[in-house]
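Below is one structure, written out as structure tokens; the observations come after it.
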Amino acid sequence: MRYINDKLDRSLSPIGVFDSGYGGLTILEKIKSRLPGYDYIYLGDNARAPYGSRSFDIVYDFTLECVRSLFDMGCPLVILACNTASAKALRSIQQRDLPDIAPDNRVLGVIRPTVERVIDVTKSGHVGVFGTTGTIQSESYPLELKKLSPELIVTGEACPMWVPLVENFESDGDGADYFVKKHIDSLMAKDPAIDTIILGCTHYPHLINKIKKFLPEDVNIIAQGDIVADSLADYLSRHPEMETRLSKKGTSKYITTESESKFAEFGEIFLKEPISVEHIDF
Ligand code: DGL
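In the working numbering, the protein residues as written are -1 to 280.
Structural data, given as structure tokens:
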């Protein structure tokens, strides 16, 4: 943390945005265009990604460590822009850790706002979820959806190859066709009545061209960026005690646990603008 501390502007109270790697940039991009005046610190734990196949305890430990770091960097509010972390760590951090480590700070996830949107969209009541193995095994989406609408039929499909396709710049390559079609066919075979699917992983919007190619046209696609951005705007309007704590100079800082240059190269592709990146060690 010493390296980062030297470079921090201590006058700022940014919104922290955390992801296991690059995927959360799809969420940050939408948040920044919805709420451009605020300051942001994005932390990607690229050195330990992917989280998708890791155990509950490991995802929880890594996520808590990253949340603590963002708090130490001055963020009073942290968004877990990662479905796997939201599924496996959010509840424990909110209920068990926050009261001890930072009772006035807040950590929000991406699953709850997403399911709130889904129940307005589905007509058949049959919903499909694409996610990492960890997100699907956690059953977080079916549990949260059924809390809002117990009669929904929710079917999950783990897509372990989709994140590596995106991370290796193969989203629009021919090789992506096989793995995208395979999981769409598998999900729709499990429940042909599905009329709405959730892209329950922050990387998946990068596969949207392939997903649209193979998904039946009448199936609604729920991507999370705008939903999370709208939900955050709503949260801030309902929580002036948090909103007034946040600084508003319109700055963004990018931090990775991996190589700065690699993150900058990939991040610029995601965000379509040059970024400067700093490294952090745990
Ligand atoms: N960002 C993660 C998510 O949204 C996917 C990447 C990973 O497996 O680490 O679930």
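Here a beta-carbon is modelled for each residue, glycine too, at the ideal position from N, C-alpha and C.
For P48, the CB falls within less than 7 Å of some heavy atom of the ligand DGL.
H124 is bridged by DSSP to I151. Taking one beta carbon from each stretch, the region 196 to 210 and the region 157 to 175 have 3 or more pairs nearer than 8 Å; the two touch.
Every alpha helix (DSSP H) stretch that sits fully inside the region 242 to 279 and reaches 4 residues is listed by chain position as 258 to 269. Take T82, set aside five residues on each side of it, and the residues of its chain with a beta-carbon closer than 7 Å to its own are S18, Y49, G50, V57, T130, G132 and T133, in chain order. Every unbroken stretch of the beta strand (DSSP E) spanning 3 or more residues and falling wholly within the region 84 to 128 is given here in chain order: 104 to 106. When C-beta atoms of the region 232 to 241 are compared with those of the region 254 to 263, fewer than three pairs fall below 8 Å, so the two segments do not count as touching.
Taking a 10 Å sphere around the C-beta of N44, we find 16 or more other C-beta atoms and assign the residue as buried. Contact check for I195 and I225: beta-carbon distance about 14 Å, past the 8 Å limit, so the pair fails to qualify.
Short note on S229: C-beta not closer than 7 Å to any heavy atom of the ligand DGL.
Between I99 and the set V119, G22 and P74, the nearest pair of CA atoms involves P74. Restricting attention to alpha helix (DSSP H) runs no shorter than 4 residues, the region 12 to 88 encloses them at 23 to 32, 54 to 70 and 81 to 86, ordered along the chain. Ranked by Cα distance from D189, the first of G123, N103, D59 and I109 is G123. Using a Cβ-Cβ distance cut-off of 8 Å, the region 4 to 18 and the region 242 to 250 are in contact, since at least three pairs of beta carbons, one from each stretch, lie closer than that value.
The three-state reading of DSSP puts N207 in helix, counting H, G and I together. Apart from sequence neighbours up to five positions away, the residues of its chain that approach K121 with a beta-carbon distance below 7 Å are D193, ordered along the chain.
Residue nearest to Y38 within the set T61, L68, Q92 and D59 is L68 (criterion: CA-CA distance). When DSSP states are grouped into helix, strand and coil, L213 belongs to the coil group. Contact check between the region 161 to 171 and the region 133 to 150: fewer than three CB pairs, one atom from each, fall below 8 Å, which does not count as touching. For the 8 Å CB-CB criterion, F16 and I91 do not form a contact.
A residue is called buried once 16 or more other Cβ atoms fall within 10 Å of its Cβ, and I267, having fewer, is exposed.
Residues S122 and H124 of the same chain have their beta carbon placed closer than 7 Å to that of A191, with the five preceding and five following residues left out of the count. One alpha carbon belongs to P238, the other to P34, and they sit about 17 Å apart. Remark: the C-beta of N81 is in contact range of the ligand DGL, defined as less than 7 Å to any heavy atom. For A227, the secondary structure class from DSSP, reduced to helix, strand or coil, is helix. Note that the C-beta distance between T24 and P203 is below 8 Å. Relative to the ligand DGL, the beta carbon of S53 is positioned no closer than 7 Å to any heavy atom.
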